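What follows is a short report on a single structure.
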Amino acid sequence: MTTKPLVAILSGAGVSTDSGIPDYRGPNGLWRRDPEAEKLVTYEYYMSDPEIRRRSWLMRRESRALHAEPNAAHRAVAELERSGVPVRVITQNVDGLHQLAGLSARKVLELHGTAREVVCTKCPARGSMEDALARVDAGEDDPPCLECGSVLKPATVMFGEPLDPVVLGEAVAITKACQVFIAVGTSLQVQPAAGLAGVAADHGARLVIVNAEPTPYDEIADEVVREPIGTALPELLRGLSG
Ligand SMILES: [Zn+2]
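Going by numbering that gives the first Met the number 0, the first residue of the sequence shown is number 0, and it counts up by one from there.
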């Protein structure tokens, strides 16, 4: 009996482009190019200015991200898990589409949190974004925490907020333990996520990069794929499940 290799997949914005979700927070993402929009997702502005919060909730209400559907790349990762290959996903995306495609939630580490939930900035209360937006629809322009009345925010890591050290620690542990590390749809330009590619290579994993544009880690990669993710990733993963 052969043991199947542990596959770690680092997924970035490029994985969700086919689902109609643009790159918001990458180095060339929408928010970085629009200082006014960036304020809506910057912790300091969000916490200090009720007007920023009001506009932030409106922006989320108008966004179609919550209605997006998983695409072929998300489905291929879920299929890999079903085929019995041990797989863990470390994602920079906040759209929850890996889980919607059928991948077990416990197999997904969300480095930047999730836009599908909201958290209180003072107490441990959590809720669904859908419920919070329903309150906005009903006339609350800055819905407070229902438990303690404090400021409510999306369960995403805003600019100016640190990554969750527990989630990051798990991501590093998986990266060190895996035999295959696939970085897909990420420019590998934002630390600390990008550095995981180097950690994987240092610990002997086979490093595969699937991205339309060159990345700083292409030179140390065992394989670089420039084909569109929607076809390239399913093909690559089928090869692993064989
Ligand atoms: Zn609260």
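Glycine included, C-beta positions come from ideal geometry on N, C-alpha and C. Only a predicted model underlies this, so the values are computations on that prediction, with no experimental measurement involved.
- The set of residues with CB atoms less than 6 Å from any heavy atom of ligand 1 reads, in chain order, CYS119, LYS121, CYS122, ALA124, CYS144, GLU146, CYS147 and SER149.
- Here the alpha carbon of PRO153 sits roughly 11 Å from the alpha carbon of ARG52.
- Selection ALA114, THR113, MET46 and VAL88 evaluated against SER103 yields VAL88 as nearest (Cα-Cα).
- The residues ALA193, ALA196, THR214, PRO215 and TYR216, in chain order, have a CB closer than 7 Å to that of LEU187 in the same chain once the five nearest residues on each side in sequence are set aside.
- Exclusion of the five residues before and after LEU99 leaves GLU68, PRO69 and HIS73 as the residues of its chain whose Cβ lies within less than 8 Å of its Cβ.
- In the DSSP annotation of this structure, the continuous segment of the alpha helix (DSSP H) that includes VAL165 starts and ends at 164-176.
- Taking the C-beta atoms as reference points, LEU162 is found no nearer than 8 Å to VAL171.
- Taking 8 Å as the upper bound for CB-CB distance, ALA64 and ALA114 are in contact here, some 6 Å apart.
- Beyond the five residues adjoining it in sequence on each side, ASP140 comes within less than 6 Å, by CB distance, of ARG53 in the same chain, given in chain order.
- In the displayed model, SER82 falls within coil according to three-state DSSP, outside both helix and strand.
- The residues SER15, SER18, ALA67, PRO69 and HIS73, in chain order, have a CB closer than 7 Å to that of LEU96 in the same chain once the five nearest residues on each side in sequence are set aside.
- Nearest to GLU116 by C-alpha distance, out of GLY83, ASP94 and GLY229, is ASP94.
- Judged by DSSP secondary structure, LEU102 falls outside any beta strand (DSSP E); it is assigned neither H nor E.
- Annotated three-state conformation of ALA182 is strand, per DSSP.
- DSSP, reduced to helix, strand and coil, places LEU5 outside both helices and strands of the structure shown, so it counts as coil.
- Contact between LEU5 and CYS177 holds: CB atoms are separated by about 5 Å, below the 8 Å threshold.
- Collapsing the DSSP output to three states places LEU145 in coil.
- Between ALA204 and the set TYR44, ILE173, HIS111 and SER62, the nearest pair of CA atoms involves ILE173.
- Taking C-beta atoms under 8 Å as the contact rule, PRO143 and LEU151 qualify, at a distance of about 6 Å.
- Around the CB of GLY148, fewer than 16 other CB atoms lie within 10 Å, so the residue is classed as exposed.
- Using a 10 angstroms sphere on the CB of ARG125, the tally of other CB atoms stays under 16, which defines it as exposed.
- Using a 10 angstroms sphere on the CB of GLN91, the tally of other CB atoms reaches 16 or more, which defines it as buried.
- Under DSSP, ARG87 shares a beta bridge with ALA7.
- In this structure, the alpha-carbon of LEU57 lies about 8 Å from that of VAL135.
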